[in-house]
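Each remark here refers to the structure printed beneath this line.
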Amino acid sequence: MVDGKSSPIRSACFVLPTYNEAQNIVAIIRQILVLDHANLTVQILVVDDASPDGTADLVHALNDERVRVLSGQKRGLGSAYTRAFEYVLKHMSVDAVVQMDADFSHAPMDASRLLAQLASTDVAIGSRYVAGGSVDPAWGLRRRLISKVGNLFARSVAGIYRVRDCTAGFKAIRVEALRRAFPLRLRVQGYVFQVASLHALQISGASIAEVPIYFADRAAGETKLGRDDIIEFFVHVWWLRLLSRKTFIKFALTGLTGVAVNLVSFQLLLSTLTNPYVSSAIAIEISIVWNFMLNNFWTFRDRTMRTRKRVRGLKFNAVSLLTLVLSFSTFVLLRWFFPDHPAWFSQFISIFPAALANYFANSYWTFKSDQV
Ligand SMILES: Nc1nc2c(ncn2[C@@H]2O[C@H](COP(=O)(O)OP(=O)(O)O)[C@@H](O)[C@H]2O)c(=O)[nH]1
Ligand SMILES: [Mg+2]
1299 MVDGKSSPIR
1309 SACFVLPTYN
1319 EAQNIVAIIR
1329 QILVLDHANL
1339 TVQILVVDDA
1349 SPDGTADLVH
1359 ALNDERVRVL
1369 SGQKRGLGSA
1379 YTRAFEYVLK
1389 HMSVDAVVQM
1399 DADFSHAPMD
1409 ASRLLAQLAS
1419 TDVAIGSRYV
1429 AGGSVDPAWG
1439 LRRRLISKVG
1449 NLFARSVAGI
1459 YRVRDCTAGF
1469 KAIRVEALRR
1479 AFPLRLRVQG
1489 YVFQVASLHA
1499 LQISGASIAE
1509 VPIYFADRAA
1519 GETKLGRDDI
1529 IEFFVHVWWL
1539 RLLSRKTFIK
1549 FALTGLTGVA
1559 VNLVSFQLLL
1569 STLTNPYVSS
1579 AIAIEISIVW
1589 NFMLNNFWTF
1599 RDRTMRTRKR
1609 VRGLKFNAVS
1619 LLTLVLSFST
1629 FVLLRWFFPD
1639 HPAWFSQFIS
1649 IFPAALANYF
1659 ANSYWTFKSD
1669 QV
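Quick look at the structure:
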C-alpha cells in the first residue's frame, strides 16, 4: 500500500498448487467456496502438474465455473506458482490472490483473516512463527528444526529480517502489489519460491504483515519436498542476497557516472556556448536523461517491467523537472554568492541537493522503494 490508500477487497483468486492431491483437492475446494458470499467473490485456480493420481480430473468433474485448472509439466512448486501468478495477472480480474497448500495444512477459514489484513497492508502472511501462531504438535523435533533453521537462514541471508515466517506458503497478496513485483525473473523451480517471491515483494515496496495461524500436518498423502528443493533453497538464498546488493551497487555506479557525464558535458558546452547558465541547464538535463536510462535499463531492470510504462514516464518527468529546478537554482545561487570560483565548481556542488531529492523521489515513487 505504497500510496497509503486501500481499496476494499471484493474478489479473490485462491491459487492451489497440486501434485498428487486427489485425496484432498475436492474437500479443500468445497471449504474454500464457503467463503464465496455477497461481500467476496471467490475463484479458484488449481495449478496441477499432470498429477498421475488424477487430481485434475477430479477438479474438472466438479464442473463449477468458479474453479479452473492450469495444467503443466512437473518442474516444481516454484514454476507452478510462477505460471499461476502470470496467468492471474494476465487473464483474471481480482483484487487479491490467496496462495495456499492443498493438503489442509492451511485452513481455508484462516484465509478470511488474511484477506481482512489486506485492508492495511499489501501482503498478509499466514505465519507460524509470530505470537499466536503454531505448528502441529505431531511435528517431530527434526521437522521443527528443519523449518526453524531454514527460516532463520533465509531471513538473515536474503535480508528479510522483519518477517518471522518467510518460508510460509499461505499468503494473501493485493493484486496491484503482485503486479509491481511481477513478472519476476525469479528463476526458481522449487520451494524456495516462497522466499524468492517474498523478497521480490519486499524490494518492490510492498507492505507486509504477519497473521498468526495454526499449521496442521497434511491431512492425507505425503510431502513433495525433495532433495533438489533443499539444495536449491540454500543456494538461491545467497543469490537473493547478492541481488539486493547488486541493485544498490548499480545505483551508486549510475550516480557516479551521472556526475561525470554532467561535468564533462558542462565543460564541453561551456567551451562552445560560453554562457555558464545555458551550459549548466543543458548539462543537468543530459545527466538526468543519462541517469534515467541507466536506472531504467540496468539498475532497476527487473523492476522496470512491473509498473506501467506510461505512469513511470510521467512520474519520471515530474521528478526530472524537480531535479532540474533544484540543481539549476543551486547553480545560479552559487554563481551569485561565489562569482570568483570556477563555474565547474558551482556545477559540481549543484548536483548534490538535486541528487538527494532525485534519490528519494525515484526510490520511493518512480521505481518504488527498495526496503532491503
Ligand atoms: N503443481 C505443483 N504442486 C506442488 C509441487 N510440489 C508440491 N506441490 C504442492 O504444494 C503444496 C505443498 O506441498 P507439500 O508437499 O505439502 O509440502 P510440505 O507441506 O512442505 O510438506 C501441496 O499442495 C502440494 O501438492 C509441484 O512440483 N507442482
Ligand atoms: Mg504440506
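Numbering-wise (the numbering used here), the sequence shown opens with residue 1299 and increments by one.
Using N, Cα and C, we set each Cβ at its ideal position, and we do this for glycine too.
Computed from a predicted structure; not experimentally measured.
Does the Cβ of residue i have 16 or more other Cβ atoms within 10 Å, making it buried, or fewer, making it exposed?
i     : result
Q1397 : buried
A1429 : exposed
M1603 : Any reading at M1603 must be qualified, since the residue scores a pLDDT of 46, below 50, and its modelled position is unreliable; the value itself is stated next. M1603 comes out exposed.
G1524 : exposed
D1638 : exposed
A1436 : exposed
N1337 : exposed
S1563 : buried
V1696 : This structure gives no information on residue 1696, because the portion of the chain shown stretches from 1299 to 1670.
Output the boundary residues of the beta strand (DSSP E) element that contains residue i.
i     : result
S1309 : 1309-1316
L1368 : 1365-1369
D1346 : 1339-1346
I1423 : 1421-1425
F1397 : In the sequence as displayed, the identity of residue 1397 is Gln instead of Phe. Element bounds for Q1397: 1394-1397.
E1508 : 1506-1510
Can you give me the C-alpha to C-alpha distance between residue i and residue j, rounded to a whole angstrom?
i     : j     : result
S1305 : A1417 : 8 Å
T1316 : L1375 : 9 Å
A1378 : G1556 : 41 Å
Q1321 : A1409 : 21 Å
L1566 : F1636 : 22 Å
V1617 : W1663 : 9 Å
F1268 : L1499 : Given that the chain is displayed from residue 1299 to residue 1670, the structure contains no residue 1268 and the question cannot be resolved.
L1654 : L1612 : 20 Å
A1452 : L1571 : 56 Å
G1431 : Q1371 : 34 Å
A1382 : V1313 : 7 Å
W1537 : K1548 : 16 Å
Suppose the cutoff is 6 Å on Cβ atoms and the five residues either side in sequence are ignored; what does the same chain contact list for residue i look like?
i     : result
T1628 : S1648, P1651
F1468 : M1398, H1404, G1424
M1390 : C1311
Along the chain, where does the alpha helix (DSSP H) that runs through residue i open and close?
i     : result
S1478 : The amino acid at residue 1478 is misidentified as Ser; the sequence shows Arg. Element bounds for R1478: 1473-1479.
V1332 : Run containing V1332: none; DSSP gives neither H nor E here.
K1446 : 1439-1456
G1376 : 1375-1389
Whose C-beta lies closer than 7 Å to the C-beta of residue i among residues of the same chain, with five residues either side of it excluded?
i     : result
A1394 : I1307, A1310, L1413, L1416, A1470, I1471, R1472, V1473
L1568 : P1574, S1577, A1641
Segment contact flag, the stretch 1588-1595 with the stretch 1549-1558, C-beta cutoff 8 Å, min 3 pairs | Output reads yes: the stretch 1549-1558 touches the stretch 1588-1595.
Are the stretch 1332-1347 and the stretch 1488-1504 touching by the rule of at least three beta carbon pairs closer than 8 Å?
-> Cβ pair count under 8 Å is below three, so no.
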